[in-house]
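Going by the UniProt record's numbering, the first residue of the sequence shown is number 1, and it counts up by one from there. A short write-up of the structure that comes next.
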Amino acid sequence: MSDYPSLYAQWQQAPEAYWAQAAGLIDWDKAPERIFDGGIGPYGTWFPDAWLNTSYNCLDRHVAAGRGANIALIWDSPMEGRVEHITYAQALGRVEKIAGALAALGVTKGDRVVVYMPMVPEAVFAMLACARLGAIHSMVFGGFAAPELAARITDAQPKVVIAASCGLEPGRVVTYKPMLDAALALSEHKPEACLIFQRAACRAELVAGRDFDFVEAERAAAPHGPVSVEGAHPLYILYTSGTTGRPKGVVRDNGGHAVALAQSMKIIFDVGPGEVIWAAADVGWAVGHSYLVYAPLLAGAATIMYEGKPTGTPDAGAFWRVAAQHKAKVLFTAPTALRAIKQQDPEGAFIPKYDLSGMRALFLAGERCDPPTAMWIEALLGKPVIDNYWQTETGWPITARFLGLGLTPFKPGSGGRPSPGYDIAPLDETGEPVAAGSTGNLCIRLPMPPGCGPTLWQNDDGYRAAYLTAFPGWYKTGDAGMVDADGDVWVMGRTDDIINVAGHRLSTGAMEEVLAMHRDVAECAVIAKADALKGEIPYGLVVLKAGCEREAAVIEKELIALVREKIGPVAAFRDVMVVQRLPKTRSGKILRATIRKIANGETVSVPGTIEDASVLEQIAVAFGR
């Protein structure tokens with residue numbers, strides 16, 4: 001491997017040759033002769049004439065190469081008090097049989113299967129079993145409310161639904177089966193069958209003729225081999241929230257996905273066969289799909305699946321215990337998890353209790369990491385902190401610091417430099433690039449690289465409208481940010497979260513950075529509140545660190561003074577409020593747009609992705625709504 005500037009230049013000079021070489025990381029049934037075809041799909045298609053099977057690439061080829069005894073999956077569940085180590089040979093045996101069980105229910109290439117499961121190995125095996133058949137899985141976060149699940153079932157029209165009887169959360173059991181039954185009653189589409197994985201904590205009643213026991217079906221099935229599919233054939237649909245309220249089904253193809261993830265494991269994460277990576281993300285999210293399931297197994301590495309929380313299972317040292325016990329080379333988590341740990345353990349007292357000598361780096365994604373948190377954890381761990389920026393739509397990092405290429409400089413608050421394959425620039429409203437250091441609409445020059453979603457499920461026009469029409473020749477990320485003189489990318493927030501104060505465009509991210517500097521602040525959010533005089537004014541909400549006993553009013557005054565000092569009076573920052581919690585999605589993103597609507601007295605529909613809807617009620621009361 002070369003260094004970052006050389007590899008990025010290599011891609012710039014000959015992009016198709018670059019991806020043709022990367023394709024050598026994958027075993028093909030028919031190797032690609034055409035690398036890219038710009039005439040297929042909204043912006044083009046990668047490896048259109050190639051054939052492969054993703055499940056084979058994740059499992060069979062490693063077993064065939066003599067690595068069947070290597071660990072593929074480590075399941076660590078504080079909720080069940082269990083740890084399991086599953087080898088590649090064992091994983092292959094289970095996936096073959098689960099694929100056979102699905103085939104016995106009539107699932108074939110191109111059929112959809114909705115998977116509604118918690119953090120259990122069977123969720124991973126179900127995904128790989130679908131891939132094995134050439135079926136298209138759609139993983140729905142376990143515990144999603146019935147209307148949200150119904151919307152996804154209606155859109156994907158699955159032949160089969162795979163679900164667990166329940167999920168386990170600290171202090172409670174979340175029953176999935178009643179939510180599935182309610183979703184099926186609401187859905188316009190009815191699947192032919194449901195496979196139910198029964199957990200000991202809560203066994204579900206099965207509907208005769210429709211529901212079948214997952215374990216019994218697996219046990220009775222004949223093993224099924226891998227079905228070869230075209231490179232452009234969909235691997236999965238992953239739904240993400242849409243501006244219209246209807247979920248957007250991001251499609252991921254097989255060929256481009258496998259190549260991009262295999263390449264990213266080398267250059268970004270520097271993890272290979274026999275090494276351990278832990279993506280502390282739910283399997284229902286994009287990070288879970290890419291770096292808990294597919295990328296580690298494509299690389300022949302071991303992946304950790306953790307059924308627990310960063311705090312409370314049992315304490316704020318949980319992440320460090322898991323990383324040390326299982327010798328994770330890389331830990332990949334969201335900034336919100338770090339802030340939760342920081343709130344409970346601001347001095348990092350738990351960290352020295354565990355041997356983290358084998359951990360090379362900490363990766364962060366999901367939302368921009370505020371610089372104080374990045375610097376806090378970097379100082380405590382004494383290891384590289386690598387913030388990387390990407391989206392559900394892209395499937396792998398747009399920017400990073402590249403552990404496998406010698407690392408670019410640590411700039412807290414920056415997402416790093418573009419991955420080879422991405423040409424990213426901030427554009428003004430006319431579509432022209434702005435000067436280095438100036439904020440604009442972050443866009444990616446077409447074509448998007450392999451691994452990015454080529455379209456939305458059965459909705460090419462919706463894809464074009466959402467991403468390609470605003471800036472012709474570019475993909476609109478919907479994020480605002482800048483690229484500095486060194487080429488590092490800074491994401492400052494969604495474009496609709498830029499505050500326009502009396503004609504001055506101000507970044508919520510910049511204000512949040514300042515608030516997070518305060519010694520008593522654990523996490524924060526800044527939203528735009530309507531103002532008759534200035535159009536919009538910023539309003540801050542902060543959560544204090546555990547154990548802070550200072551008066552909220554005193555802290556609020558200090559925060560207003562701090563923003564005035566660091567950003568200036570132009571920010572018109574005069575309102576900040578201490579709250580107990582901030583509303584978040586289950587993946588840890590703060591629901592800033594929802595807070596903004598509450599603050600401005602707009603009608604709010606509770607997002608299906610919300611972690612705890614009661615927090616919205618508390619915020620509404622705080623705003624007098």
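Cβ atoms here follow ideal geometry from the backbone N, Cα and C, with glycine treated the same way.
### Task
Could you pull out every unbroken beta strand (DSSP E) segment of at least 3 residues lying fully inside the segment 116-204, listed in chain order?
Fully enclosed beta strand (DSSP E) runs of no fewer than 3 residues occupy 136-141, 160-164, 166-169, 172-175 and 193-197 of the segment 116-204, in order along the chain.
### Query
Would you say the segment 430-438 touches the segment 401-413, given that touching needs at least three Cβ pairs under 8 angstroms?
Contact fails: fewer than three Cβ-Cβ distances are below 8 angstroms.
### Query
Comparing alpha-carbon positions, which option in TYR56, ALA220, ALA258 and CYS194 lies nearest residue 626?
Residue 626 falls outside the range modelled here, since the chain spans only 1 to 625, and no answer is possible.
### Task
Using three-state DSSP, classify ASP253 as helix, strand or coil.
In this structure, ASP253 counts as strand in the three-state DSSP scheme.
### Message
Quick check: what's the CA-CA separation for VAL124 versus LEU92?
### Response
Cα to Cα, VAL124 sits roughly 11 angstroms from LEU92.
### Task
Leaving out five residues on either side along the sequence, give the residues of the same chain with a beta carbon under 8 angstroms from the beta carbon of PHE197.
Hits under 8 angstroms: MET117, VAL120, GLU122, ILE162, ALA163, ALA164, SER165, PHE214 and VAL215.
### Query
Short check: CB of GLY288 to CB of GLY256, under 8 angstroms?
Result no, Cβ atoms of GLY288 and GLY256 do not sit closer than 8 angstroms.
#### Entry: Own chain residues within Cβ distance below 7 angstroms of residue 628, not counting five before or after
Nothing about residue 628 can be read from this structure; the chain reaches only from 1 to 625.
### Query
With 16 as the cutoff for other CB atoms within 10 Å, does GLY568 come out buried or exposed?
With fewer than 16 other Cβ atoms from the protein chains shown falling within 10 Å of its own Cβ, GLY568 counts as exposed.
### Query
How would you call HIS85, buried or exposed, if buried means at least 16 neighbouring beta carbons within 10 angstroms?
So HIS85 counts as exposed.
### DSSP bridge partner residues for TRP46 (one or two, in chain order)
Bridge partners of TRP46: PHE36.
#### Entry: Cβ-based neighbour list, THR373, same chain, cut-off 7 angstroms, excluding 5 preceding and 5 following
Cβ neighbours of THR373 beyond the five flanking positions: PRO335, LEU338, ARG339, LYS342 and ALA516.
### Task
Please name the residue in TRP285, LYS383 and LYS327 whose C-alpha comes closest to that of GLU393.
For GLU393, the nearest C-alpha among the options comes from TRP285.
### Query
Does the beta-carbon distance from ALA301 to PRO273 come in below 8 angstroms?
Taking 8 angstroms as the Cβ cut-off, ALA301 and PRO273 qualify as a contacting pair.
### Query
Taking the DSSP output, what are the residues bridged to SER77?
Residue pairing by DSSP puts SER77 in a beta bridge opposite ARG82.
### Query
Does the separation of the CB atoms of ALA280 and PHE332 fall below 8 angstroms?
Contact flag set, yes.
### the segment 416-434 contacting the segment 479-490, beta-carbon criterion three pairs below 8 angstroms
Yes, the segment 416-434 touches the segment 479-490.
### Query
Sorted by chain position, which residues of the same chain lie with C-beta nearer than 6 angstroms to VAL526's C-beta, five sequence neighbours on each side aside?
Hits under 6 angstroms: THR508, MET511, GLU512, PRO538 and GLY540.
### Message
Closer than 8 angstroms is the cut-off here; do at least three beta carbon pairs connect the segment 353-367 with the segment 313-326?
### Response
Counting Cβ pairs under 8 angstroms, three or more are found: they touch.
#### Entry: ARG445 - containing beta strand (DSSP E), residue span
For ARG445, the enclosing beta strand (DSSP E) has its first and last residue at 440-445.
### Task
Could you please give me the residues that DSSP links to TYR306 through a beta bridge?
Paired residues: ASP76.
### Task
Taking 8 angstroms as the cut-off, decide whether the C-beta atoms of ASP211 and PRO234 are in contact.
For the pair ASP211 and PRO234, the CB atoms are not nearer than the 8 angstroms cut-off.
### Query
Can you list, in chain order, the residues of its chain whose CB lies under 8 angstroms from that of ASN70, leaving out five sequence neighbours each side?
Within its own chain, the residues whose Cβ lies closer than 8 angstroms to the Cβ of ASN70, once the five positions on either side in sequence are excluded, are HIS62, THR87, TYR88, PRO273, GLY274, GLY300 and ALA302, listed in chain order.
### Query
Does the beta-carbon of LEU533 have 16 or more other beta-carbons within 10 angstroms, so that it is buried, or is it exposed?
Counting C-beta atoms within 10 angstroms of its own C-beta, LEU533 has fewer than 16 neighbours from the protein chains shown and is therefore classed as exposed.
### Query
From which residue to which residue does the alpha helix (DSSP H) around VAL322 run?
In the DSSP assignment, VAL322 falls within the alpha helix (DSSP H) that extends over 318-325.
### Message
Counting beta carbon pairs with one atom in the segment 127-135 and one in the segment 175-195, are three or more of them shorter than 8 angstroms?
### Response
No: the two stretches stay apart, fewer than three of their Cβ pairs being nearer than 8 angstroms.
### Task
Could you tell me which residues DSSP puts in a beta bridge with MET517?
MET517 is not bridged to any residue.
#### Entry: Coarse secondary structure for TYR354, derived from DSSP in three states
TYR354 falls in the coil class under three-state DSSP.
### Task
For residue 647, name the three-state secondary structure that DSSP assigns.
In the structure displayed, the chain extends from 1 to 625; residue 647 sits before or after that span and is not available.
### Task
Note down, in chain order, each residue of its chain lying with its Cβ closer than 7 angstroms to the Cβ of ALA193, except the 5 sequence neighbours on either side.
Taking ALA193 as the centre and dropping the five residues before and after it, the same chain places the C-beta of LEU105, VAL160, ARG210 and PHE212 closer than 7 angstroms to its C-beta, in chain order.
### Task
Please confirm whether ILE26 and LEU59 have their CB atoms less than 8 angstroms apart.
No; because the gap between Cβ atoms is not below 8 angstroms, this pair is not in contact.
### Query
Would you call the CB atoms of ARG494 and GLY478 closer than 8 angstroms?
A distance below 8 angstroms separates the beta carbons of ARG494 and GLY478.
### Query
If TRP46 sits next to PRO450, beta carbons under 8 angstroms apart, how far is it from one beta carbon to the other, in whole angstroms?
That pair is a contact at about 4 angstroms.
### Query
According to DSSP, which residues form a beta bridge with GLY535?
Paired residues: VAL501 and ASP531.
### Message
Let's test the definition: count the other Cβ atoms within 10 Å of the Cβ of LYS329 and tell me whether it reaches 16, buried, or not, exposed.
### Response
Buried, since its Cβ has 16 or more Cβ neighbours within 10 Å.
### Message
Measuring straight from C-alpha to C-alpha, what distance separates GLN618 and ILE153?
### Response
Going by the C-alpha atoms only, they are around 32 angstroms apart.
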